[in-house]
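What follows is a set of notes on a single structure, which appears directly below.
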Amino acid sequence: SQQGEEDPQALSIQEGENATMNCSYKTSINNLQWYRQNSGRGLVHLILIRSNEREKHSGRLRVTLDTSKKSSSLLITASRAADTASYFCATDAYGNNRLAFGKGNQVVVIP
Amino acid sequence: KAGVTQTPRYLIKTRGQQVTLSCSPISGHRSVSWYQQTPGQGLQFLFEYFSETQRNKGNFPGRFSGRQFSNSRSEMNVSTLELGDSALYLCASSPLAGANEQFFGPGTRLTVL
Chain A
9 SQQGEEDPQA
19 LSIQEGENAT
29 MNCSYKTSIN
39 NLQWYRQNSG
49 RGLVHLILIR
59 SNEREKHSGR
69 LRVTLDTSKK
79 SSSLLITASR
89 AADTASYFCA
99 TDAYGNNRLA
109 FGKGNQVVVI
119 P
Chain B
508 KAGVTQTPRY
518 LIKTRGQQVT
528 LSCSPISGHR
538 SVSWYQQTPG
548 QGLQFLFEYF
558 SETQRNKGNF
568 PGRFSGRQFS
578 NSRSEMNVST
588 LELGDSALYL
598 CASSPLAGAN
608 EQFFGPGTRL
618 TVL
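Sequence order for the protein chains is A and B.
Sequential numbering from 9 applies to the first sequence in the numbering used here.
Sequential numbering from 508 applies to the second sequence in the numbering used here.
Set out below in structure tokens:
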């Protein structure tokens, strides 16, 4: 079964606005990763946050992890049209040693 | 460094046939994982190979198999194709085994008629 589960809603925002998406998971994890996918192509790794970290930044990306709530959020600040994509969270559950991906969140940034 | 490459990019087969997909990882990466992506099931883990050994396997029938060569290149094979096997098959490589940062290829779009 899939671990990561994003909020299923699609997001449509204006360029320059912030985009936030959430991910919840069911079991204890070693790390949680976020990936981006453009138009059914390969995924691109965005950021990895370990279970002992609470927040991590990378450029315009900010990821938080709340292990007590088994949830994570990805914030994209000052969005650009090029941020239009599907965003997936993936978890590495203890003992599993493989990534389980959520269903993905589609984000459309309107220029 | 060149990225992960997958061949072919598109493939059309009919039910009952078999297919072999190929993946060349980033130079120096010894781990190769395969995923199936469909609109209904999303991204599902097929298997991971590291140093020519299958380390991990997802919940797929035995029709799905793979292997890895000494140069880390990997192939996956699907026998007796079914309509439900139509999907985007993604290969990912990593320097280390396990659920670390994955570097994905562009995928092979398989259509089964």
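Think of the CB as a built atom: it goes at the ideal place given N, C-alpha and C, for glycine as much as any other residue.
> DSSP puts Glu582(B) in a beta bridge; with which residues?
Replying inline: Taking the first residue of the second sequence as 1, we reach residue 582(B) at position 75. The partner list for Glu582(B) (beta bridge, DSSP) reads Ser529(B) and Arg574(B).
>> Is Ala108(A) close to chain B? Criterion is C-beta to C-beta, closer than 8 Å.
In response: Taking the first residue of the first sequence as position 1, residue 108(A) is located at position 100. True, the Cβ-Cβ gap to chain B drops below 8 Å.
> Taking the alpha carbon of Phe96(A) as the point to measure from, which residue in Ile57(A), Arg88(A) and Arg44(A) has its own alpha carbon closest?
Replying inline: As a position in the first sequence, residue 96(A) is number 88, starting the count at 1. Checking every option, the nearest Cα to that of Phe96(A) belongs to Arg44(A).
>> Rounded to whole angstroms, what is the Cα-Cα separation between Ala89(A) and Thr560(B)?
In response: Along the first sequence, one-based indexing puts residue 89(A) at 81. Along the second sequence, one-based indexing puts residue 560(B) at 53. If you take the alpha carbons of Ala89(A) and Thr560(B), they lie about 42 Å apart.
> Which residues in chain E sit within 7 Å of Phe557(B), going by Cβ to Cβ distance?
Replying inline: Considering every chain present, this structure includes no chain E. Its protein chains are A and B.
> Secondary structure at Ala89(A), three-state DSSP: helix, strand or coil?
Replying inline: As a position in the first sequence, residue 89(A) is number 81, starting the count at 1. Looking at Ala89(A) - three-state DSSP - the assignment turns out to be helix.
> Using the beta-carbon of each residue, which ones in chain B are nearer than 9 Å to Asp100(A)?
Replying inline: Your numbering for residue 100(A) matches position 92 in the first sequence. Under the 9 Å cutoff, chain B gives Gly605, Ala606 and Asn607.
> Smallest Cα separation from Asn38(A): which of Gly24(A), Asp91(A) and Arg106(A)?
Replying inline: Position 30 of the first sequence holds residue 38(A). With distances taken between Cα atoms, Asn38(A) lies closest to Arg106(A).
>> Please list the terminal residues of the continuous beta strand (DSSP E) segment that includes Thr618(B).
In response: In the second sequence, residue 618(B) corresponds to position 111, counting from 1. Note, Thr618(B): beta strand (DSSP E), Thr615 to Val619.
> Taking Cβ positions only, does Leu550(B) come closer than 8 Å to chain A?
Replying inline: Locating residue 550(B) in the second sequence gives position 43, where the first residue counts as 1. Interface residue, yes.
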